[in-house]
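Structure record follows, encoded as structure tokens.
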């Protein structure tokens, strides 16, 4: 579990990246009344795995989220049934996102959870990590369809807006990882502009990888 404190008044863009399967929390802190707690959490897709099945994990996952009490969460490897289970146990949250397989309900979501009393979603959409990002598609040498779900969010406490981008890069395709990093950079710049932005996700690479360097250093052809 990792925790960071960042003053976002000093930055136009904030990238919060993880390649692990564990949750971490991030606290934006500009003033005492401007605190935003963010979590990125790969909850693992709900396959039947005996002791590790979702039925045996869902209470633990919900309890962990309650314990850290994040304001917004980027979730990865989430099926619709898992979303329903979490909302049932965490009614203070709502969410946005679509299934990656069909852009509706099929397949894994990269959902954004948010505390519904504090935040208003002004706009949201999902992008596929491919050469055809507007339609459900597999990109480059990826093994599966991969997506970015994003939202423009208004904080009712501060009256400020920010963008949240949540993603899950492919675990096999090296070209897919590099091109996904380029596409993510492009979309953050295009969609968020000068608005503060946070990126969460399971990126499936390490800080010494080319993909990570692209994300922190900007697009390279």
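Residue numbers (my numbering): 59 to 279. Don't be surprised by glycine CBs; every beta carbon is placed ideally from N, CA and C. Quantities reported herein were computed from a predicted structural model and do not represent experimental measurements.
Legend entry - For residue 255: DSSP bridge partner residues: For the purposes of this step, residue 255 is taken as residue 197 along the chain shown, with counting starting at 1. Partner(s): 221.
Inset, instruction - Assign residue 121 to buried or exposed, taking buried as 16 or more other Cβ atoms, counted over all protein chains shown, within 10 Å of its Cβ. - result: Against the chain shown, residue 121 aligns to sequence position 63. Per the 10 Å Cβ criterion, exposed.
Inset, instruction - With DSSP collapsed to three states, give me the class of residue 162. - result: Position 104 of the chain shown, counted from the start, is the residue given in the question as residue 162. Of the three classes helix, strand and coil, the one that applies to residue 162 here is coil, per DSSP.
Inset, instruction - Measure from the alpha carbon of residue 269 to the alpha carbon of each residue in 164, 237, 260, then state which is nearest. - result: Translated into positions along the chain shown, residue 269 becomes position 211. The shortest Cα separation from residue 269 among 164, 237, 260 belongs to 237.
Inset, instruction - Could you check the C-alpha separation between residue 198 and residue 166 for me, to the nearest Å? - result: For this step, residue 198 is matched to residue 140 along the chain shown. For this step, residue 166 is matched to residue 108 along the chain shown. About 19 Å.
Legend entry - Alpha carbon of residue 259 to alpha carbon of residue 181, nearest angstrom: Numbered from 1 along the chain shown, position 201 holds the residue referred to as residue 259. Numbered from 1 along the chain shown, position 123 holds the residue referred to as residue 181. Each residue's Cα considered, the two are about 20 Å apart.
Legend entry - Same chain only: Cβ atoms within 7 Å of residue 112, ignoring 5 sequence neighbours per side: By 1-based counting over the chain shown, the position of residue 112 is 54. Excluding sequence neighbours, residue 112 sits near 104, 140.
Legend entry - Contact set for residue 212: own chain, Cβ-Cβ below 6 Å, skip 5 residues either direction: For the purposes of this step, residue 212 is taken as the residue at position 154 of the chain shown. Hits under 6 Å: 178, 180, 219.
Legend entry - Classification of residue 266 by the beta-carbon crowding that lies within 10 angstroms, buried from 16 upward: Position 208 of the chain shown, counted from the first residue, corresponds to residue 266. With fewer than 16 Cβ atoms within 10 Å of its Cβ, residue 266 is classed as exposed.
Inset, instruction - Compare the Cα-Cα distances from residue 253 to each of 149, 129, 222 and report the closest residue. - result: Within the chain shown, numbered from 1, the residue matching residue 253 stands at position 195. Residue 222 is the option with its Cα nearest to residue 253.
Inset, instruction - Could you name each continuous alpha helix (DSSP H) segment of 4 residues or more that falls completely within the segment 169–224, going from the start of the chain to the end? - result: none
Inset, instruction - Look at residue 170 and residue 224 and say whether their C-beta atoms are less than 8 Å apart. - result: On the chain shown, position 112 is the one that residue 170 refers to. On the chain shown, position 166 is the one that residue 224 refers to. It is a contact, given that the beta carbons lie within the stated cut-off.
Inset, instruction - For residue 194, count neighbouring Cβ atoms within 10 angstroms of its own Cβ and tell me buried if that reaches 16, exposed if not. - result: Counting from one through the chain shown, the residue named residue 194 turns up at place 136. Buried: at least 16 other Cβ atoms inside 10 Å.
Legend entry - Close Cβ partners of residue 161 (< 7 Å) along its chain, the five nearest in sequence each way excluded: Here residue 161 refers to the residue found at position 103 when the chain shown is read from its first residue. Within the same chain, residue 161 has close Cβ partners 184, 194.
Legend entry - Pair within 8 Å by beta-carbon distance, residue 96 and residue 129: Locating residue 96 in the chain shown gives position 38, counting from the first residue. Locating residue 129 in the chain shown gives position 71, counting from the first residue. Result yes, Cβ atoms of residue 96 and residue 129 sit closer than 8 Å.
Legend entry - residue 101 (DSSP reduced to helix, strand or coil): Taking the chain shown and counting its residues from 1, one reaches residue 101 at position 43. Coil.
Legend entry - CA-to-CA distance, residue 151 to residue 272, given in whole angstroms: As a working mapping, residue 272 is identified with position 214 in the chain shown. As a working mapping, residue 151 is identified with position 93 in the chain shown. Between residue 272 and residue 151, the C-alpha separation is close to 33 Å.
Legend entry - Where residue 157 falls: helix, strand or coil (DSSP): Counting from one through the chain shown, the residue named residue 157 turns up at place 99. Looking at residue 157 - three-state DSSP - the assignment turns out to be strand.
Legend entry - Span separating the alpha-carbon of residue 145 from that of residue 125: Here residue 145 refers to the residue found at position 87 when the chain shown is read from its first residue. Here residue 125 refers to the residue found at position 67 when the chain shown is read from its first residue. Their backbone Cα atoms lie some 15 Å apart in a straight line.
Inset, instruction - Could you spell out where the beta strand (DSSP E) holding residue 133 opens and where it closes? - result: For the purposes of this step, residue 133 is taken as residue 75 along the chain shown, with counting starting at 1. 130–134 is the extent of the beta strand (DSSP E) around residue 133.
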